[in-house]
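Have a look at the structure below, then the notes.
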Amino acid sequence: MALIRKRRLTEQQQRRIQKQHQTRQEELDTSSDLEGLVVQHYGRQLEVQALSTPDEHPIKPEVLAGEPDPFWKPIELGSVWRCHTRTNLEALVTGDRVKWQADPNTGLGIITAIHPRQSLLTRPDRYHKVKPVAANVSLIVIVFASFPEVAPSLIDRYIVACADAEIPALLVLNKADLIKENDPILNLMKEYQALGYEVMQTQSDGDLTELANRLAGETVAFVGQSGVGKSSLINAMVPDAAQKTNIISENSALGQHTTTSTRLIAFGEGAALIDSPGIREFGLWHLNPDKVQRGFPEIENLLGHCQFRNCTHKHEKQCALRQAAANGEILQRRLDSYLRLGDEIAEAQQKN
Ligand SMILES: Nc1nc2c(ncn2[C@@H]2O[C@H](COP(=O)(O)OP(=O)(O)OP(=O)(O)O)[C@@H](O)[C@H]2O)c(=O)[nH]1
Ligand SMILES: [Mg+2]
Ligand SMILES: [Zn+2]
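Residue -7 is where the sequence shown starts when you use my numbering, and the numbers rise one by one after that.
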């Protein structure tokens, strides 16, 4: 990843390059396209890592004596290239597997096709548009800590999003060093464990072998509130990841997140870690209200057992959910969370 080339282009240069690419697009012969992986995206440009090399490597132009050495970037396995995409392609996202072509003369590439996705993690942005976050993620690590204070309902939201994307979740309670004896956060972790979720406790500067072993071979997206230590965990497991981290008080006072774009970091053989900005709010309005139950397996089990088929689970006496909460079979907090999320989605959809 050290090969990422940062270059600022003037608008004129960008226009010229864009034009060159457009002309090239029409002439493209895609039979010898390379395989690639989108490792980062910045608006319209993306960074693609080469997963294959050409059968015949392009030959560097010969330089006559006295002439300056022209720019030349060899196509090497693992090298990272700034790329444009063909205009007819759908929006690409970090984690996408693509077909692409490299131009060693400019150091730029063009993405010509996208491979079918195994999964797509999305989130709504503040303009109520659904934004893809990462593709082909096989495991989501939900990081939480006692500082910044955990909001259990936020964990529930993440779990619903994971269930909707059909991606398994691992709950990681980080900053173990801050956890006191009988800390309520330990109870919270146990509650999720009892519901069948995989949980783990970590400390960013502690022994992360258990976590690293669990992540082997997976494409992992780290999610969670800003400041819980997502980037710190990634840096500790991948020493050259060099993801920026920051002291919470400094950045949250400014309302800023330390990590600002979604980046994929290679992690051993065939695994990758995706760092993404922490979020304070994680709206789920883009989901079907019926999907919320997928993130609440204990409640899903009881659905259909209420007296009325159209039970709101809010005031009905013969409500299986309310009774289960009253008997301590399910957590009142989870039931509240389930109902609130359902209302929130239904309300947002009525407005739209
Ligand atoms: N005490 C303690 N502090 C930690 C631990 N892990 C991270 N931190 C600190 O928490 C702060 C935030 O860490 P980051 O890794 O930047 O958090 P993040 O989740 O990536 O935050 P965003 O990028 O804003 O979403 C930094 O000051 C870290 O040093 C830990 O295990 N224990
Ligand atoms: Mg970060
Ligand atoms: Zn009911």
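The beta-carbon is built from N, C-alpha and C at its ideal position, and this holds for glycine as well.
Small disclaimer: the values here were computed from a predicted structure and weren't measured.
By the C-beta criterion, the stretch 283 to 290 is judged to be in contact with the stretch 155 to 171, since at least 3 inter-stretch pairs fall below 8 Å. Residue pairing from DSSP leaves Ile51 without any beta-bridge partner. At a cut-off of 3 residues, the continuous stretches assigned as beta strand (DSSP E) that sit fully inside the stretch 67 to 113 are 72 to 77, 89 to 95, 100 to 106. The beta-carbon separation of Ile266 and Gly28, rounded to 16 Å, does not stay under the 8 Å limit for a contact. With a cutoff of 8 Å, Ser71 does not count as near ligand 1, since its C-beta is closer than that to no heavy atom of the ligand. Linking Met229 to Arg314 through their CA atoms gives a straight-line distance of about 44 Å. Taking 4 residues as the shortest admissible run, the stretch 203 to 235 contains the following complete alpha helix (DSSP H) segments, listed from N- to C-terminal end: 222 to 229.
In this structure, ligand 3 has a non-hydrogen atom nearer than 8 Å to the beta-carbon of Arg314. Per DSSP, the beta-bridge partners of Asp267 are Arg255. The stretch 104 to 116 and the stretch 64 to 82 touch, with three or more beta-carbon pairs separated by less than 8 Å. Contact between the stretch 166 to 178 and the stretch 127 to 141 is present, with at least three C-beta pairs closer than 8 Å. If you check the C-beta of Glu321 against ligand 3, you find no heavy atom less than 8 Å away.
A Cβ-Cβ separation of about 6 Å places Ser268 in contact with Ala213 under the 8 Å criterion.
The C-beta separation of Ser253 from Gln32 comes to about 6 Å, placing the pair in contact by the 8 Å criterion. The beta carbon of Asn280 sits no closer than 8 Å to any heavy atom of ligand 1.
Not one heavy atom of ligand 3 falls within 8 Å of the beta-carbon of Glu290. Under the three-state reduction of DSSP, Ile322 is assigned to coil, being neither helix nor strand.
Relative to ligand 3, His120 has its C-beta separated by 8 Å or more from all heavy atoms.
DSSP places Lys182 inside the alpha helix (DSSP H), whose first and last residues are 176 to 186.
In the structure shown, Lys309 falls within a coil segment according to DSSP collapsed to helix, strand and coil.
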